[in-house]
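End of the sequence shown sits at 111 in this note's numbering; the numbers just go up one at a time, nothing left out.
We put the beta carbon where it would ideally sit given N, CA and C, even for glycine.
None of these values were measured; they are calculated from a predicted model.
The structure under discussion appears below in the form of structure tokens.
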Amino acid sequence: MRVINSIVAGIVAVLVVLFAVSNRAGVVVEVWPFPYQLALPLYAVILLAALLGFIAGVIGAWMMGGEKRKEHRRLKKQVRAMEQSLAERRDVREFS
């Protein structure tokens with residue numbers, strides 16, 4: 016699996032480099048309502064937008080998974096308590 020991940024990562028890296036080399040033209044970026052302008056290469060604008068979208072997606076997915084994580088912690092605590100109760104009953108049975 017590690018080899019496959021490395022191959023896929025290498026292919027993606029090559030594609031990103033080819034994309035960056037092919038899109039070096041400058042563009043002016045303005046964000047309303049701010050009065051600032053940035054002159055950036057086109058590839059930087061697109062890759063930055065993709066990165067920000069990825070980060071927003073990760074944060075959204077993490078926030079949506081909060082209930083599942085809470086339920087997992089509750090069930091884990093319940094299993095620990097049951098295991099401890101079972102171990103105590105086994106100890107009592109062994110000494111009887």
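Proximal residues to residue i (C-beta, below 7 Å), its chain only, five neighbours per side dropped
{"i": "Phe34", "result": "Tyr58"}
{"i": "Lys85", "result": "none"}
Residues of its chain near residue i, where Cβ-Cβ distance is below 8 Å and the 5 sequence neighbours each way are ignored
{"i": "Val42", "result": "Ala54, Leu55, Pro56, Leu57, Val60"}
{"i": "Val107", "result": "none"}
{"i": "Ala76", "result": "none"}
Cutoff 8 Å: residue i Cβ touching any chain B Cβ
{"i": "Phe49", "result": "Structure shown: chain B not included; a single protein chain is present."}
Candidates the options, of which the one nearest residue i by Cα
{"i": "Val44", "options": "Gly68, Gln93, Leu90, Ala64", "result": "Ala64"}
Inset, instruction - Would you check if there are 3 or more beta carbon pairs closer than 8 Å linking the region 24-41 to the region 55-62? - result: yes
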